[in-house]
Structures are given as C-alpha cells and as structure tokens.
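Numbering (the numbering used here), first residue to last: 671 to 1009.
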C-alpha cells in the first residue's frame, strides 16, 4: 500500500525554490529546485519550511500554501512525525544538529557542502549511519540516465581507455567545482593524489568563503585530471572533457549537453595514429540532467522502502568532500609559503 512521508525543508533560498523564477534556467532544468522535486511526487507530504527570513516564510505560506513556516527547527510542530528532511541551508548551519531535532527520521536530502570542515562532515556521516537514515546528497549527475550508462564499461565502449580529463568550472570550488569532481569519481574512479593546488585571481563566488582554485590530481587508475576556473562574469560553464584512446567526450553546460568524437585518420599521414575531426562530432545530444533532482527524490523513497540503493549516498559524497578540502588546504599552504 502506498503511503506518504511528512517532509520538512530547512532553508528556502535559490536551490530550494528561487531558481524556479528564472525562465532561462527553467528551459534547461524543468525540475530546477528541491521544492519542484517534492511537489513532483505525491508521496512527499511537504508541509513545513524552516528559514531565518520571515518574508520567505510568509511567501511559502501565503503563495505556496505551505502549512507551517518557522524560523528554527525547534519550532516545527510535532517533530516526531517528520520522516524526511531536506537540508538546503548554508554550510555554516550544522546539519547534524538539525537532524537531531527529528527523532523518527527515515531519510534526508542534503545539499553540499556537507559542512564547514571535515569535522562537521564526519559528525554528519556518523549520525546518519548510527540512526539508519537514508541520506542522499544532491550530486545530480549521479541520477542522470545517460551518465549512469557511462559507468562501468560504458565510457570505454564510447571512447576507449581514458587518457586524461579536464574540468572547467566557475563560481566556487565548493559550489560548482564539487559537482565535476564528483562526476570524475563517478565515471573514472577515486582520487589517489593531489599533485598541485593554487588559488587564482578569479574572484566570483556565491558561497561565503568559497574559492576558485586551479588544481591537478591523479586517479587510482593513473589518469590525470586538471581543474581550472573561469569567471562567471564572462562565461557560465561547468564542464568535463575526457580524452580516450579511441575518442573524446565533452560534457558541457553543467553536463546537460554532450559531444563525442571517434578518432579518425590523421591528416599528417600514417606515421601518426589519429586525430579528432573537430567540425564533425560523431554525436551531439542532450542529457536528462534537468529532471535529475526529481529522480533523486524518487530514488530516496525507493531506498527507504528497501527497493533500491541510493544513487548518491552520503558515504560517496564524503569522498568528494575530502578531495575538495585537501585541494583547499594545499592551496592555502602554498599561499602562506609563497615569497
């Protein structure tokens, strides 16, 4: 028998609701926010918003018919009946403290960064594991069907064995760069070593205390990955470019679009193995990333009900978080020792 789960959303800013006002964003992401995702599935009984901004709460109650709007989790009515919490609050808010307010939680959707530092994140991981909470972290590419199809042997079937990869991101390493690092882990495997990390003069970020950092790291497979920022004042781009022995794959515009080329004969003669014919991609297409948030929520319910495992579990996100913090720490050390 189908049932619903009482759901509370903590933080009601851009990713929770605000992006739904952006027409251009809506064209690329039909399910652009956590609010849109919970409203897309009637098994979420979403009735409460927690936010420090009273105007936001008034809007949620008066315009969206949300039953309760409160400024602190301790003010949520009947907290024992809350089964799912959506954490879209800033990293400065301790997420573990929020979860403690609801003794009967079954699941959580967590926006990253997971915390201010590794201590916060480890506390969250320990609490979730101890209390058997299904915690899904909002790394959306992990719930896109096209990208899921590239896992295991899918990528090698397309471009052969990976040789190297390049990440382009903007508006902060923890904000956007994290998504691409997680995508690298999803498709190419875990990080073995951070070899280089430096802060840049690209200043634009959204999250407080976030940075734009250039880094270079090596995966367990031996594949090397570069990550460099662009200034969002000039380009909005978050992309991953993977070169393989038999072709090249570019995932651009958040991963919403893809192009791939098979290696062709080199124009320079038979002494050279091949090249990419830039003017003639073998395929250009669009992923379903714009619907990934909705799929991520459905997958959470499947996991709670024992029908499937999480697509983006907290345990995996912790590995991405650890890589990001190591990149930040190395860049900070380099800055302090620079002449």
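Ideal Cβ positions, reconstructed from N, Cα and C, are used throughout, including at glycine. Note that the structure is a prediction, hence the values are computed from the model and not measured.
Boundaries of the beta strand (DSSP E) in which residue i is found, first to last residue
{"i": "residue 898", "result": "894–899"}
{"i": "residue 689", "result": "Element bounds for residue 689: n/a, residue is neither H nor E."}
{"i": "residue 680", "result": "675–680"}
Classification of residue i by the beta-carbon crowding that lies within 10 angstroms, buried from 16 upward
{"i": "residue 949", "result": "exposed"}
{"i": "residue 938", "result": "exposed"}
{"i": "residue 783", "result": "buried"}
{"i": "residue 791", "result": "buried"}
{"i": "residue 940", "result": "exposed"}
{"i": "residue 846", "result": "buried"}
{"i": "residue 722", "result": "exposed"}
{"i": "residue 908", "result": "buried"}
{"i": "residue 691", "result": "exposed"}
{"i": "residue 918", "result": "buried"}
{"i": "residue 892", "result": "exposed"}
Residue interval of the alpha helix (DSSP H) (run including residue i)
{"i": "residue 867", "result": "Here residue 867 belongs to no alpha helix (DSSP H); instead the beta strand (DSSP E) covers 861–869."}
{"i": "residue 1000", "result": "984–1007"}
{"i": "residue 964", "result": "962–974"}
{"i": "residue 705", "result": "704–709"}
{"i": "residue 816", "result": "815–819"}
{"i": "residue 883", "result": "Looking at the DSSP string, residue 883 is not in any alpha helix (DSSP H); the run it does join, the beta strand (DSSP E), is 883–889."}
{"i": "residue 830", "result": "No alpha helix (DSSP H) holds residue 830; DSSP gives it neither H nor E."}
From the options, residue whose alpha carbon lies closest to that of residue i
{"i": "residue 810", "options": "828, 841, 839, 848", "result": "848"}
{"i": "residue 869", "options": "862, 881, 951", "result": "881"}
{"i": "residue 946", "options": "930, 717, 812, 970", "result": "930"}
{"i": "residue 879", "options": "824, 889, 841, 863", "result": "841"}
{"i": "residue 773", "options": "896, 708, 682, 751", "result": "751"}
{"i": "residue 686", "options": "708, 673, 858, 675", "result": "708"}
{"i": "residue 775", "options": "764, 758, 728, 800", "result": "800"}
{"i": "residue 877", "options": "788, 923, 844", "result": "844"}
{"i": "residue 980", "options": "683, 764, 806, 883", "result": "806"}
{"i": "residue 814", "options": "1003, 856, 749, 724", "result": "856"}
{"i": "residue 676", "options": "785, 747, 723, 973", "result": "747"}
{"i": "residue 698", "options": "705, 689, 704", "result": "689"}
{"i": "residue 770", "options": "793, 716, 719", "result": "793"}
{"i": "residue 898", "options": "905, 871, 838, 992", "result": "838"}
{"i": "residue 781", "options": "991, 1002, 896", "result": "991"}
{"i": "residue 821", "options": "994, 922, 796, 853", "result": "853"}
{"i": "residue 951", "options": "759, 903, 932", "result": "932"}
{"i": "residue 926", "options": "916, 942, 956", "result": "956"}
{"i": "residue 903", "options": "872, 887, 888, 892", "result": "872"}
Sequence-distant residues of the same chain with beta carbon closer than 8 angstroms to residue i, five excluded per side
{"i": "residue 914", "result": "825, 826, 828, 829, 830, 831, 832, 833"}
{"i": "residue 968", "result": "711"}
{"i": "residue 1012", "result": "Shown here, the chain extends from 671 to 1009; a query on residue 1012 therefore has no answer."}
{"i": "residue 890", "result": "859, 860, 861, 862"}
{"i": "residue 875", "result": "841, 842, 845, 881, 882"}
{"i": "residue 717", "result": "676, 677, 678, 736, 737, 738"}
Beta-carbon proximity list for residue i, same chain, < 7 angstroms, skipping 5 on both sides
{"i": "residue 971", "result": "713"}
{"i": "residue 935", "result": "944"}
{"i": "residue 978", "result": "969, 972"}
Cβ shell of residue i (< 6 angstroms), same chain only, five flanking positions each side left out
{"i": "residue 666", "result": "Any question about residue 666 goes unanswered here, given that the chain covers just 671 to 1009."}
{"i": "residue 1004", "result": "868"}
{"i": "residue 954", "result": "929"}
{"i": "residue 911", "result": "836, 920"}
{"i": "residue 982", "result": "806, 807, 809, 812"}
{"i": "residue 720", "result": "680, 740, 743"}
{"i": "residue 974", "result": "776, 777, 804"}
{"i": "residue 962", "result": "810, 813, 814"}
{"i": "residue 765", "result": "757, 794"}
{"i": "residue 816", "result": "957"}
Any non-hydrogen atom of the ligand COA within 6 angstroms of residue i CB
{"i": "residue 732", "result": "Absent from the structure shown: the ligand COA. Ligands present: none."}
Proximity test, Cβ basis, 7 angstroms: residue i and chain D
{"i": "residue 836", "result": "This model lacks chain D altogether, as it is built from one protein chain only."}
Every unbroken beta strand (DSSP E) inside the segment 713–737 [3 residues or more]: 714–720
Minimum length 3: unbroken beta strand (DSSP E) runs contained in the segment 733–811: As far as the segment 733–811 is concerned, its whole beta strand (DSSP E) runs of at least 3 residues are 738–740, 754–757, 777–780, 804–807.
Return the chain-ordered ranges of every alpha helix (DSSP H) run that is complete within the segment 898–969 and spans a minimum of 4 residues. none
If you scan the segment 834–862 from start to end, which runs of the beta strand (DSSP E) of 3 or more residues do you find wholly inside it? Listed in chain order, nothing qualifies, since the segment 834–862 has no complete beta strand (DSSP E) run of 3 or more residues.
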